[in-house]
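Novice: Attaching a single structure in structure tokens format; questions to follow.
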Amino acid sequence: MTTQEWKFTAKDIAAKPDLFLSGHRACAGCAPVSVLRLVMKATRGPTIVTQATGCMEIVGSIYPYTSWALPWLHTAFENAAANASGIDAAIKIMRKKGKIKDEYVDVIAIAGDGGTLDIGLQALSGAVERGHDFLFVLYDNEGYMNTGIQRSSSTPIGASTTTSPAGSVIPGKLEKKKPITEIMLAHEMEYVATATPYYWKDLITKVRKGLEVEGPAFLHVFAPCPRGWRSDPAKSMEYSKLSVETCVFPIWEAVNGKRQLSTPSKVISLAPQKKKPVKAYLEGQGRFRHLFTPQNAHIIEEIQRSTDERWEKLLQKCASGAT
Amino acid sequence: MSNKEKTWKEISIAGVPPKSSIGFLTGDWKTYMPIRDLEKCTICLTCVMLCPEGAIAFLPEKNKIQIDLGFCKGCGICANECPTKAITMKMPEEEE
Amino acid sequence: MEHQIKRDTVAMNGDEAVAFAVKQCDVDVVAAYPITPQTIIVEKFSEYVANGEVQTQYVCTESEHSAMTACLAAAAAGARTFTASASAGLALMHEMLFVTSGSRVPVVMAVANRALSAPLNIHGDHSDAMAERDSGWIQIYVENAQEAYDSIIQAFKIAEDTTISIPLMVCLDGFTISHTLERVDILPDDLVKHYVGERGYPMVLTHEGKTVPFKLDPANPMTMGPNALQNYYFEFKRQQEEAMKHALKRIREINSEYAKISGRGYGNGLVDKYQLDDAEIAIVVLGSTAGTLKVIVDQLRQEGIKAGVLRIRSFRPFPVEDVIHALKDVKAVAVMDKSMSPGGLGAAVFSEVRNALYDSKQRPILVNYIFGLGGRDNSPRDLRKVYEDLLHIARTGQAEKAVNYLGLRE
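Protein chains in written order, with this note's numbering: chain C, 9 to 331; chain F, 6 to 101; chain P, 3 to 412.
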């Protein structure tokens, strides 16, 4: 990673032509698709993008149209990191043999939470262990939205999905969200970070940092899905913001294992009174509607308790400099 | 299937798309459309950054913002996030 | 001609012969995962990498699924790529085999054929590759280590031909070929490198309105692996069939071209006929069994029995015309399968041959022998028994059973 941090203004970014183009077929108010646009705004030169099967892969590549202005490859669902491995290997050897003249070619792999935490975890772990030079971007909308809102291991406690429906006996998903960034940090990666598109400047900066790493980098981007969350499409960015303000999804980065809160989360750590209750984030989302009943009130309490606990642990990790 | 669609002999292999989605307008998906109050707009670019459609362009040479209704799906994120409340979502007939 | 050909003779098993050929073909990326009986290929190749004998990026993936994916992606990025697998490994690749052929990238793979579980069995049969019959890959089955070596070199020429651009698997019988030390004549490195040449790319029209080489290139961006809906998917599948038709032609041509530089050819490249011209009885088979059958045919001929062998070298594309032509004057034919299709009428090769002969006005009585599953050894005596059965069928004009099991305890 370069020591000189990339400086940019909003106007620089706004004026940079989109590399993920308009005319895609994402739902109105889709935050993951904003993530794609913003990630592409951070590219620094020749770049190849590869995607796992999923909403964000479908919406931009329906033949005979493409929304990708960059070279782009999709092969299957569980293997975005293996695609990146193959592309990285090809670039390395072809540069050595003089078949590629570019000084570098950045590789970005993009997958949803299903393609990262569940079916894609093996390929991701393997590619990171092998040290391929790529940035893996997880857009986390907390479920299998492309196939009609099924539970993933990233779906949070209490959320109702079509395979963890809120019933009369079981109140939605019972299990915790899989701590994917902790798993990636355990791989001793040079760069692991979290982001969410409301804080677009932070997101773009982190993408660029991830690209500058020589080796694998991992970026976990929290991205509200109005269709799957049964929320108002106009409020996708508001939920993105609320996820940080309630500490449901704090944003931070870890460079060589040293973890540091990013400004919006740091502000809350310095002024804890600014931390909003999780209710502010949960209400308005249809997937949590069943929790706002007397018999399920304890689940909201549990979400608040576990959110606070994770936040405290994160603060300790940041303070101690440990991963 | 219409006659405009090509035969297997006429198209490139492996499904390489021959068209950019810039040619696929999604503007007719919308119910509400964003209306800007130019006096309130400070060109802060929040809407440009957060529009999922890339339908709000910043024109640096004119220092202006332009909404492309050909792509706008009417989600209302721009109106919800605008710090000066310079954008409101309206039914097209309300506007007329 | 023969004396002008420079050659060295070495002792190698089939896996080593494959690894050596890959080394000579200047492959850019090898991504693989070890599995018996293919493992010697990747071990040997790793040695070449470790000793700087090749300029290849070797990726030890965490699974065969990722191995095939990485090969696909590397080939999409423009690299010449190779992998090897077998049995459960090939089965784990199943999804990606279809994606690779549908993505039209010319990955070359060696398959050291092995039985599929369960029960677990590491020995040779054709269950693994036959299960991938419809995956859109070219399938070449070889008879011995020499042919494994030659076929790998030819494979890059065939798969990378810009009118074809589909992946190709060279199938060698597990253990019988993969692990058996044989005499192999090898060509000089520079001759192979020159013969195989640089990888070419088909031209495609992109969203920028440009017609450019088919690869991931930041200078000429294109979208690879999109979604094609009901309105276009079918057209792309039809294109794959056309590529197979080109392959049928090029496999023949490359067999002849290669014979000029090596002095070796395998029939017409698609089928290898042995003593078939006047044969009254014949066996159709894939792979190493043909070697044993040829010896038996020689014995039978000495006894005055007009027996022959038709070895199918290219199973995909299937050489329909060559099979019809080769068998039209034969009275009784046994098709031998080293795989099963439980519940079907015989196994894969039998179905294919029977299908090909259906429209032929003149056709032999056809029977199926399923044999050698899980590495079950078939002695020359067993194989001779098949010819004896055929003699009886030819004389009586009828077969008792369409499907028979050879070497099975009944």
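The C-beta atom is built at its ideal place from N, Cα and C for all residues, glycine as well.
Closer than 6 Å by C-beta to residue 48 of chain C: which residues in its own chain qualify, once you throw out the five before and the five after it? Chain order, please.
Specialist: Mapped onto the first sequence, residue 48 of chain C falls at position 40. Same-chain partners within the cutoff: 27 and 28.
Novice: In whole angstroms, give me the CA-to-CA distance for residue 171 of chain P and residue 126 of chain P.
Specialist: Residue numbering aside, residue 171 of chain P sits at position 169 when the third sequence is read from its first letter. Residue numbering aside, residue 126 of chain P sits at position 124 when the third sequence is read from its first letter. Near 16 Å, if we compare the C-alpha coordinates of residue 126 of chain P and residue 171 of chain P.
Novice: Rank P:247, P:73, P:386 and P:23 by C-alpha distance to the C-alpha of residue 55 of chain P and give the top, closest one.
Specialist: Within the third sequence, residue 55 of chain P is the residue found at index 53, counting from 1. Taking only the C-alpha atoms, the option nearest residue 55 of chain P is P:23.
Novice: What is the residue span of the beta strand (DSSP E) that residue 267 of chain C lies within?
Specialist: Looking up residue 267 of chain C in the first sequence gives position 259. 266-269 is the span of the beta strand (DSSP E), which, as asked, contains residue 267 of chain C.
Novice: Chain F partners of residue 223 of chain P, CB-CB under 9 Å?
Specialist: Taking the first residue of the third sequence as position 1, residue 223 of chain P is located at position 221. Correct list: empty, because the minimum Cβ distance to chain F is about 10 Å.
Novice: Counting only the same chain and skipping the five closest in sequence on each side, list residues whose C-beta sits under 7 Å from that of residue 47 of chain F.
Specialist: Stepping through the second sequence from its first residue, residue 47 of chain F is reached at position 42. Only 89 meet the Cβ criterion.
Novice: Chain F beta carbons: is any one of them nearer than 8 Å to that of residue 311 of chain C?
Specialist: Within the first sequence, numbered from 1, the residue matching residue 311 of chain C stands at position 303. Answer no: the Cβ-Cβ gap between residue 311 of chain C and chain F never drops below 8 Å.
Novice: Quick one, which residues of the region 22-40 of chain C are near chain F if we go by CB-CB under 9 Å, in chain order?
Specialist: Residues 22, 23, 26, 28, 29, 30, 31, 32, 33, 34, 35, 36, 37, 38, 39 and 40.
Novice: Short check: CB of residue 16 of chain C to CB of residue 89 of chain C, under 8 Å?
Specialist: On the first sequence, position 8 is the one that residue 16 of chain C refers to. On the first sequence, position 81 is the one that residue 89 of chain C refers to. No, they are not a contact pair.
Novice: Using a Cβ-Cβ distance cut-off of 8 Å, determine whether residue 45 of chain C contacts chain F.
Specialist: For the purposes of this step, residue 45 of chain C is taken as residue 37 along the first sequence, with counting starting at 1. Interface residue, yes.
Novice: If you draw a straight line from the alpha carbon of residue 315 of chain C to that of residue 130 of chain P, how long is it in whole angstroms?
Specialist: Working through the first sequence from its first residue, we reach residue 315 of chain C at position 307. Working through the third sequence from its first residue, we reach residue 130 of chain P at position 128. Between residue 315 of chain C and residue 130 of chain P, the C-alpha separation is close to 50 Å.
Novice: Below 8 Å, how does it come out for the region 214-227 of chain P and the region 79-88 of chain P: are there three or more Cβ pairs, yes or no?
Specialist: Result yes; three or more Cβ-Cβ pairs closer than 8 Å.
Novice: Which value, in whole angstroms, describes the spacing of the CA atoms of residue 343 of chain P and residue 349 of chain P?
Specialist: Counting from 1 along the third sequence, the entry for residue 343 of chain P is found at position 341. Counting from 1 along the third sequence, the entry for residue 349 of chain P is found at position 347. The alpha-carbon atoms of residue 343 of chain P and residue 349 of chain P are separated by roughly 5 Å.
Novice: Output the distance between the C-alpha atoms of residue 189 of chain P and residue 159 of chain P, rounded to the nearest integer angstrom.
Specialist: In the third sequence, the residue the question calls residue 189 of chain P occupies position 187. In the third sequence, the residue the question calls residue 159 of chain P occupies position 157. Roughly 16 Å separates the two Cα atoms.
Novice: Closer than 8 Å by beta-carbon distance: list the chain C residues that pair up with residue 93 of chain F, in chain order.
Specialist: Numbered from its first residue, the second sequence carries residue 93 of chain F at position 88. Result: empty, since nearest Cβ-Cβ is about 11 Å, beyond 8 Å.
Novice: Going by DSSP, name the residue or residues bridged to residue 215 of chain P.
Specialist: Taking the first residue of the third sequence as 1, we reach residue 215 of chain P at position 213. P:205.
Novice: Need the endpoints of the beta strand (DSSP E) that residue 16 of chain P sits in, please.
Specialist: Counting from 1 along the third sequence, the entry for residue 16 of chain P is found at position 14. Segment 16-26 is the alpha helix (DSSP H) holding residue 16 of chain P; no beta strand (DSSP E) there.
Novice: Taking Cβ-Cβ distances below 7 Å as the criterion, which residues of the region 304-334 of chain P are in contact with chain F?
Specialist: The residues in question: there are none.
Novice: Taking the alpha-carbon positions, what's the residue 19 of chain P to residue 44 of chain C distance?
Specialist: Within the third sequence, residue 19 of chain P is the residue found at index 17, counting from 1. Within the first sequence, residue 44 of chain C is the residue found at index 36, counting from 1. If I take the Cα positions, the gap works out to 47 Å.
Novice: Check the Cβ-Cβ distances between residue 204 of chain P and every residue of chain F, and say whether any is below 8 Å.
Specialist: The count along the third sequence starts at 1 and reaches residue 204 of chain P at position 202. Yes, contact with chain F.
Novice: If you run the structure through DSSP and keep just helix, strand and coil, what is residue 16 of chain C?
Specialist: Taking the first residue of the first sequence as 1, we reach residue 16 of chain C at position 8. Three-state DSSP puts residue 16 of chain C in coil, outside helix and strand.
Novice: Using a C-beta to C-beta distance shorter than 8 Å, which residues of chain C count as neighbours of residue 27 of chain F?
Specialist: The sequence position of residue 27 of chain F within the second sequence is 22, counting from 1. The answer, in chain order, is 29, 30 and 31.
Novice: On the DSSP bridge list, what partners appear for residue 62 of chain F?
Specialist: Numbered from 1 along the second sequence, position 57 holds the residue referred to as residue 62 of chain F. DSSP output for residue 62 of chain F lists F:71 as bridge partner(s).
Novice: Around the C-beta of residue 123 of chain C, are 16 or more other C-beta atoms found within 10 angstroms, so that it is buried, or is it exposed?
Specialist: As a working note, residue 123 of chain C is residue 115 in the first sequence. By the neighbour-count rule (16 or more Cβ atoms within 10 Å), residue 123 of chain C is buried.
Novice: Tell me, to the nearest whole angstrom, how far the beta carbon of residue 114 of chain P is from that of residue 180 of chain P; I am working on the premise that it is less than 8 Å.
Specialist: Residue 114 of chain P sits at position 112 when you count from the first residue of the third sequence. Residue 180 of chain P sits at position 178 when you count from the first residue of the third sequence. The Cβ separation is near 4 Å, so the contact holds.
Novice: Please identify the residue among P:323, P:313, P:318 and P:321 whose C-alpha is closest to the C-alpha of residue 335 of chain P.
Specialist: To locate residue 335 of chain P, count along the third sequence from 1; it is residue 333. Nearest option by C-alpha distance: P:313.
Novice: By a C-beta neighbour count over all protein chains shown, 10 Å radius and 16 as the cutoff for buried, is residue 324 of chain C buried or exposed?
Specialist: The count along the first sequence starts at 1 and reaches residue 324 of chain C at position 316. By the 10 Å Cβ count, residue 324 of chain C comes out exposed.
Novice: Starting from residue 83 of chain F, trace the alpha helix (DSSP H) in both directions and tell me its first and last residue.
Specialist: Counted from its first residue, the second sequence places residue 83 of chain F at position 78. Unbroken alpha helix (DSSP H) run through residue 83 of chain F: 82-86.
Novice: Of the residues that make up the region 27-45 of chain P, which ones have a beta carbon closer than 7 Å to any beta carbon in chain C?
Specialist: The residues in question are 30, 31 and 33.
Novice: Less than 8 Å between CB atoms is the rule here; does residue 12 of chain F satisfy it with respect to chain P?
Specialist: Here residue 12 of chain F refers to the residue found at position 7 of the second sequence. True, the Cβ-Cβ gap to chain P drops below 8 Å.
Novice: Tell me, please, whether the CB atom of residue 24 of chain F is closer than 8 Å to any CB atom in chain P?
Specialist: Along the second sequence, read from residue 1 onward, the residue named residue 24 of chain F stands at position 19. Closer than 8 Å to some Cβ of chain P, the Cβ of residue 24 of chain F qualifies, so yes.
Novice: Decide if the region 352-360 of chain P is in contact with the region 383-392 of chain P; the criterion is three or more beta carbon pairs, one per stretch, under 8 Å apart.
Specialist: These segments do not touch.
Novice: Of all the options C:265, C:173, C:275 and C:212, which has the alpha carbon lying nearest to the alpha carbon of residue 194 of chain C?
Specialist: The residue given as residue 194 of chain C occupies position 186 in the first sequence. Nearest of C:265, C:173, C:275 and C:212 to residue 194 of chain C, Cα basis: C:265.
Novice: Beta carbon of residue 91 of chain C, beta carbon of residue 58 of chain C: below 8 Å?
Specialist: Mapped onto the first sequence, residue 91 of chain C falls at position 83. Mapped onto the first sequence, residue 58 of chain C falls at position 50. For residue 91 of chain C and residue 58 of chain C, yes; Cβs fall inside 8 Å.
Novice: Is DSSP giving residue 370 of chain P helix, strand or coil here?
Specialist: If you number the third sequence from 1, residue 370 of chain P lands on position 368. The answer is strand: DSSP assigns residue 370 of chain P an E or B state.
Novice: Could you have a look at residue 318 of chain P and say whether DSSP puts it in helix, strand or coil?
Specialist: Here residue 318 of chain P refers to the residue found at position 316 of the third sequence. In this structure, residue 318 of chain P counts as strand in the three-state DSSP scheme.
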